[in-house]
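Reading through the structure tokens given below for one structure.
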Amino acid sequence: MNTANTTNRTKRFRSMVIGVSLGTALLTAVTGFIDTNNKAYAATADSTVSATVNSSLADKIIATGMKYKGVRYEYGAEAGNTSSFDCSSFTQYIFGQHGITLSRSSKQQSTDGTSISRDQLQPGDLVFFYSPIHHVAVYIGDGKILHTYGEGGVTVTDLNSGWWDEHYTSARRVLPANGQDTSKAGSDSTAGTAKPQPTKDTAPQTSADTSSDKSSDTTSPASSGSASQDQSSGFDWSWFSNFR
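The sequence shown stops at residue 243 when you use numbering that gives the first Met the number 0, and every number in between is there.
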């Protein structure tokens, strides 16, 4: 009799242990499932913030820009003109060909879209230089930028070298996410809605001249290597020798 009771108690104990184990395993599985999904969702959301550039659209814009490699640079070039560009008329034109409306000058474009950090750069983002801002380029990937300046005109340059690395100022994302209507590109109520402005890019200023936008729209920079200062505008045009 005692043997039978002992056997029954042993069976009940084993059943209880098995039940507790199964319950614990089930609870762990359910909890793990929820946690895993939350983490995956958060990771996706974070990735969306930094990786939502419409890559297909970016590729098309860059391809359009590359067609104009070698086209001459002209300070204050007329918007929409493709026989010559200044830095911002170039970006405005190639983005505009694909439904993205940018402001006219590099300074104005530096407020289009959404601000991003340098380590978030993706093809199609705008990159700005000098302070106050006087130059804009398109990031095309692999540390390269597509832009226009100086005698070479439209060209590709290494962002992480020399003058460009030293004078990098900021970057903006103006392209929409994949699948997003291009008319809703960017934020700050500018990208995708800003109207082209007649304002031309201002010339770079010397460190002694702290005022902004003083240059004449009709004044042209001096030729390469010139160290003269244009007294009518107060700007040292020799700054352009950095781009030669």
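Glycine is no exception: its CB is placed at the ideal position from the N, C-alpha and C atoms.
By the beta-carbon neighbour count (other beta carbons within 10 angstroms, threshold 16), S87 is buried. For the 8 Å CB-CB criterion, G123 and V137 form a contact. Under the 10 Å beta carbon count, S83 is surrounded by 16 or more other beta carbons and is classified as buried. Distance from the CA atom of D111 to the CA atom of H134, rounded to whole angstroms, is 14 Å. In the structure shown, the three-state DSSP call for K68 is coil. Going by C-alpha positions, N80 is about 13 Å away from G64. Counting along the chain, G161 sits inside the alpha helix (DSSP H) bounded by residues 161–166. Within the DSSP bridge table, the entry for F84 names Y72 as partners.
The beta-bridge partner set that DSSP reports for H97 is empty. Residue pairing by DSSP puts K143 in a beta bridge opposite G140, D157.
Here H97 has L56, K59, I60, T63, T181 as same chain residues with Cβ atoms under 8 Å from its own Cβ, once five neighbours each way along the sequence are excluded. Taken through DSSP and simplified to helix, strand or coil, S105 comes out as helix. For V126, the uninterrupted beta strand (DSSP E) run begins and ends at 125–128, by DSSP.
When only Cα atoms are considered, I93 and V173 end up about 13 Å apart. Per DSSP, reduced to three states, the secondary structure at A57 is helical. Under the three-state reduction of DSSP, A78 is assigned to coil, being neither helix nor strand.
Around the beta carbon of K68, fewer than 16 other beta carbons lie within 10 angstroms, which makes this residue exposed. Under the DSSP assignment, S114 falls in the beta strand (DSSP E) whose first and last residues are 113–115. For the options R171, I144, P131, G140, the alpha carbon positioned closest to that of S114 is the one of R171.
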